[in-house]
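Worksheet: one structure, shown below.
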Amino acid sequence: MKTIKSILGILVAALFVNTAIAGTPSAKKATTLAVDTKESKIHWLAKKVTGQHEGTIAISSGSLITSGAKVTGGSFVIDMKSIVCTDITDAEYNKKFIGHITTGDFFEVEKFPTTTFKITKVAGSNITGDLTLHGVTKSITFPAKITVAGGKTTATASIPVDRTEFNVRYGSKKFFESIGDKAIDDVFTLDVTLVAGK
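Residue numbers (mature numbering (1 follows the signal peptide of the UniProt record, and there is no 0)): -22 to -1, 1 to 176.
Printed below as a string of structure tokens:
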């Protein structure tokens, strides 16, 4: 009788273990995808009291870490020397404007040739990460949209950046109260599109 009970106990235990194993989902493997710098892009927009300017800037490298259809990490590097203004049609004025925003008054691209962003947390559609701009690193959070199609992962986001938090103070009312209509908004926007694949 004891033998029968022992055998039944072993069978029940084996059945329980097999059921538990069958019901355990396999862990999704993390995959690192290289950012396609030709398909990826950034559009920037900066406003002032009397108008605005916009343009593009290149992504020089990056990667996205994915698990299934979710992005769990990653980073990208912006080439600060690639800044282009697309709304100033006069060639001489355009050159003067680019010279102005890439030198000491603004981004000092010779001293700080790159800007980097590294993801530190993903919570739902919100991405948090460390932005290093003009030699200063700050944590920022923004919503992003992730899509997976045709073997590629695309992440898009509109990222507001307060330049004064990165010691870019030219034309800011925070530091020059009497500047009047020459004031430039502290916040500029980076519309980022990252396309990554194996």
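Note that the Cβ used here is the ideal one computed from N, Cα and C, for glycine as well.
Are there 16 or more other CB atoms within 10 angstroms of the CB of residue i, so buried, or fewer, so exposed?
i, result
"Ser4", "Residue confidence is low: Ser4 scores 44 on pLDDT, short of 50, so the model does not pin down where it sits. Its coordinate-derived value is still stated next. Per the 10 Å Cβ criterion, exposed."
"residue 177", "Because the chain is modelled from -22 through 176, residue 177 falls outside the range shown and cannot be assessed."
"Val126", "exposed"
"Ala24", "buried"
"Ser18", "buried"
"Ala(-10)", "Low per-residue confidence applies at Ala(-10): pLDDT is 41, beneath 50, and the placement is therefore not dependable enough to give any value."
"Ile174", "According to the sequence displayed, residue 174 carries Ala and not Ile. With 16 or more other Cβ atoms within 10 Å, it is buried."
"Thr81", "exposed"
"Thr93", "buried"
"Val49", "buried"
"Val27", "exposed"
"Val114", "exposed"
What are the start and end residues of the beta strand (DSSP E) that includes residue i?
i, result
"Thr92", "92 to 101"
"His21", "19 to 26"
"Glu32", "29 to 45"
"Ala12", "8 to 13"
"Thr142", "Run containing Thr142: none; DSSP gives neither H nor E here."
Between which two residues does the alpha helix (DSSP H) carrying residue i extend?
i, result
"Asn72", "69 to 80"
Within this structure, are the beta carbons of residue i and residue j separated by less than 7 Å?
i, j, result
"Pro121", "Val165", "no"
"Glu143", "Lys116", "yes"
"Ser45", "Ala12", "no"
"Ile20", "Leu168", "yes"
"Gly52", "Ile97", "yes"
(message) Any contact between the stretch 124 to 135 and the stretch 148 to 159? By contact I mean 3 or more CB pairs, one from each, below 8 Å.
(response) no
(request) Flag this pair as touching only if the stretch 28 to 37 and the stretch 55 to 63 have three or more C-beta atom pairs under 8 Å; answer yes or no. (result) yes
(request) Specify whether the stretch 72 to 83 and the stretch 92 to 108 touch according to this definition: at least 3 beta carbon pairs, one from each stretch, less than 8 Å apart. (result) no
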